[in-house]
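Trainee:
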Amino acid sequence: MNKLQNLLNVELDEALFLQLMPEWQGAKIAISVLSGGITNKLYRITSERGDVALRIYGDKTELFINRDYEADAIGKMADAGISPKLIKYLPENHVTIVEYITGSYTLKNKDFLNETLREKIVAPIRRIHESKVTLPKLFNPLVEVKKMAKILADLNVTYPEFDIAGTIQSLEQLAQAINIPESGYTASHNDLLAENFILVQDGYEDRYDEPMYIIDWEYAGMAPRYYDLADMFQEVLVPRDVEKSFVEYYCEGKEFDKNLYLIDMFKPFPDIYWFLWSLIQQNISTIAFDFYNYGRVKYENAQQNLQFLKHEYSMNI
1 MNKLQNLLNV ELDEALFLQL MPEWQGAKIA ISVLSGGITN KLYRITSERG DVALRIYGDK
61 TELFINRDYE ADAIGKMADA GISPKLIKYL PENHVTIVEY ITGSYTLKNK DFLNETLREK
121 IVAPIRRIHE SKVTLPKLFN PLVEVKKMAK ILADLNVTYP EFDIAGTIQS LEQLAQAINI
181 PESGYTASHN DLLAENFILV QDGYEDRYDE PMYIIDWEYA GMAPRYYDLA DMFQEVLVPR
241 DVEKSFVEYY CEGKEFDKNL YLIDMFKPFP DIYWFLWSLI QQNISTIAFD FYNYGRVKYE
301 NAQQNLQFLK HEYSMNI
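Per the UniProt record's numbering, the sequence shown runs over residues 1 to 317.
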C-alpha cells in the first residue's frame with residue numbers, strides 16, 4: 001500500500017489499479033498513458049467492465065485546487081449531461097476516476113475555426129450557465145488572481161521583469177467597471193481550453209446522450225458567466241470574427257453587444273490568473289514543462305488585451 005500513497009512517482013500497473021478498483025478483479029485490463037496533463041498524471045484504463053480515465057493529482061496542487069469541490073462539480077455536471085460520470089473519488093490516494101468517452105476526439109485549437117462545430121462547442125457552456133446548479137466554490141476572478149499572487153509571494157521568489165502589482169491594479173479598475181455582484185454568478189467551468197472539449201465521433205453517438213462533453217472541473221465554481229468565454233478565447237486565440245461568431249451562437253441573438261463587451265472586459269483576468277499559476281508551478285512542480293515561457297506568453301497576451309480595452313472601449317486603465 002505504500003506505493004498507493006506515492007502514485008505520482010511510480011508507473012501505474014494492473015496491481016496498483018486493482019487496489020484502487022478492486023471491483024475490476026478478474027477482468028482483462030489495458031492501461032495507457034494519456035497526454036496533455038501538465039499538472040497531473042493521466043491514464044486510460046479499459047476492460048470489459050468499462051472505460052475510465054484516472055487522474056493522479058500533481059504535487060502541491062492542493063495550494064489552489066480543492067478536490068472535494070472538484071468532485072462535487074463533476075457529479076453535478078454529470079447529472080446535467082455536461083461532464084462524463086464520476087466513477088470514484090479517492091482523495092486519500094490523490095486519485096479521481098471518471099468515465100472515459102469511448103470513441104471520442106479531443107478538440108484542438110484549430111477545431112474552433114470550424115464553424116460546423118461551434119454550436120456543439122457552445123451548447124454545453126450555455127447549459128452550464130443555465131443549469132441553476134450551485135457549486136461550493138466561489139470563483140471571483142479578481143479575488144482568485146490576488147490569491148495566486150499571494151501564493152507566489154509566499155514562495156519568496158521575485159520576477160521584476162513582470163509588473164504584477166501594476167497589472168493587478170488595472171484588473172481592479174476593470175472589476176469596478178464590470179460591476180457584476182457575486183449574487184449574479186452562475187456555475188462556471190473556468191478552464192475552457194480546447195483539450196477540455198470531448199467530441200463524440202461518428203459511430204458512437206448511440207452510446208451517449210450528448211455530442212460534446214466537457215472534462216477537468218478542477219477550477220469550477222460560481223463565477224461571472226462571461227469569464228468562461230473570455231478564458232476560452234484566450235486559450236484558443238481565434239480571429240476576432242470567429243470570436244464574434246461564437247458569441248452569436250452563445251447568446252442566440254440576444255444582447256450580443258453586451259455579451260461581447262463583458263467577455264472582452266474579462267479577457268485579461270484568465271491570462272493573469274494562468275500567468276501567476278505558471279510561475280507558481282515553475283517553483284513547485286516536478287513535471288518537465290516550460291512553465292516560465294507558458295506564463296510569459298499569458299502575461300503578454302493580458303497586456304495586449306488591456307491595450308485593446310483602452311482603444312476599443314476607451315477604458316482608463
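Just so it is clear, CB atoms sit at the ideal spot from N, CA and C, and this is done for glycine as well. Since this is a predicted model, take the numbers as computed values, not measurements.
Can you tell me whether DSSP reads residue 15 as helix, strand or coil?
Mentor: The answer is helix: DSSP assigns residue 15 an H, G or I state.
Trainee: Buried or exposed, going by whether 16 or more other CB atoms sit within 10 Å of the CB of residue 138?
Mentor: Exposed, because fewer than 16 other Cβ atoms sit within 10 Å of the Cβ of residue 138.
Trainee: DSSP three-state call for residue 51: helix, strand or coil?
Mentor: Residue 51: strand per DSSP, three-state reduction.
Trainee: Rounded to a whole number of angstroms, what is the C-alpha to C-alpha distance between residue 173 and residue 153?
Mentor: Distance between the alpha carbons of residue 173 and residue 153 is about 22 Å.
Trainee: Would you kindly work out how many angstroms separate the C-alpha atoms of residue 258 and residue 264, rounded to a whole number?
Mentor: The straight-line gap from Cα to Cα measures roughly 10 Å.
Trainee: Could you check where the alpha helix (DSSP H) with residue 315 kicks off and where it finishes?
Mentor: Premise fails: residue 315 is in no alpha helix (DSSP H) and is neither H nor E.
Trainee: Report buried or exposed for residue 247, applying the criterion of at least 16 other Cβ atoms within 10 angstroms of its Cβ.
Mentor: Buried.
Trainee: Specify the secondary structure class of residue 90 as computed by DSSP and reduced to three states.
Mentor: It is a strand residue.
Trainee: The alpha helix (DSSP H) with residue 250 in it runs from where to where?
Mentor: Run containing residue 250: 240-251, per the alpha helix (DSSP H) assignment.
Trainee: With a Cβ-Cβ cutoff of 8 Å, do residue 216 and residue 190 count as a contact?
Mentor: Contact: no.
Trainee: For residue 361, which option in 225, 193, 148, 165 has the closest C-alpha, if you only look at C-alpha atoms?
Mentor: This structure cannot speak to residue 361, because the chain is shown only from 1 to 317.
Trainee: Decide if the region 268-275 is in contact with the region 138-152; the criterion is three or more beta carbon pairs, one per stretch, under 8 Å apart.
Mentor: They touch, by the three-pair rule.
Trainee: Among residues of its own chain, excluding the 5 on either side of residue 73, which ones have a beta-carbon nearer than 7 Å to its beta-carbon?
Mentor: Here the set comprises 135, 217, 220.
Trainee: Evaluate the contact criterion for the region 18-36 versus the region 62-80: three or more CB pairs, one atom per stretch, below 8 Å.
Mentor: Too few Cβ pairs lie closer than 8 Å, so no.
Trainee: How long is the line joining the alpha carbons of residue 1 and residue 212, rounded to whole angstroms?
Mentor: Confidence at residue 1 is low in this model, with a pLDDT of 44, below 50, so the placement of that residue should be treated as unreliable; the coordinate-derived value is given next. Distance between the alpha carbons of residue 1 and residue 212 is about 37 Å.
Trainee: Going by DSSP, what residue range makes up the beta strand (DSSP E) through residue 32?
Mentor: It spans 30-33 - the beta strand (DSSP E) in which residue 32 sits, taken as one unbroken run.
Trainee: Just list the alpha helix (DSSP H) runs in the region 59-141, keeping only unbroken ones of 4 residues or longer that don't cross its boundaries, in chain order.
Mentor: DSSP runs (the alpha helix (DSSP H)) wholly in the region 59-141: 67-79, 118-130.
Trainee: Across which residues does DSSP place residue 187 in a beta bridge pair?
Mentor: Residue 187 pairs with 222.
Trainee: Closest to residue 96 by CA distance: which of 304, 294, 53 is it?
Mentor: Answer by Cα proximity: 53.
Trainee: Decide yes or no for the touch test of the region 163-177 against the region 110-117: beta carbon pairs closer than 8 Å, at least 3 of them.
Mentor: Cβ pair count under 8 Å is below three, so no.
Trainee: Expressed to the nearest angstrom, what Euclidean distance is found between the alpha-carbon atoms of residue 210 and residue 250?
Mentor: Cα to Cα, residue 210 sits roughly 17 Å from residue 250.
Trainee: Identify which residue in 17, 240, 200 has its Cα closest to the Cα of residue 83.
Mentor: When only C-alpha atoms are compared, the closest one is 200.
Trainee: Confirm, please, whether the CB-CB distance from residue 90 to residue 320 is below 8 Å.
Mentor: In this structure the chain extends from 1 to 317, so residue 320 is not present and cannot be described.
Trainee: Quick one: Cα of residue 171 to Cα of residue 93, how far?
Mentor: So the alpha carbons of these two residues sit roughly 38 Å apart.
Trainee: Which residue wins for smallest C-alpha separation from residue 287, given the options 16, 122, 22, 38?
Mentor: Nearest C-alpha to residue 287: 38.
Trainee: Hey, quick one: how far does the alpha helix (DSSP H) through residue 273 stretch, first residue to last?
Mentor: First-last of the alpha helix (DSSP H) with residue 273: 268-284.
Trainee: How would you write the range of the beta strand (DSSP E) that residue 198 sits in, first residue to last?
Mentor: Residues 197-200.
Trainee: What span of residues does the beta strand (DSSP E) with residue 214 cover, start to end?
Mentor: That run of the beta strand (DSSP E) goes 212-214.
Trainee: Let me make sure I understand the geometry here. Which of 57, 109, 278, 49 has the alpha-carbon closest to that of residue 42?
Mentor: Nearest of 57, 109, 278, 49 to residue 42, Cα basis: 57.
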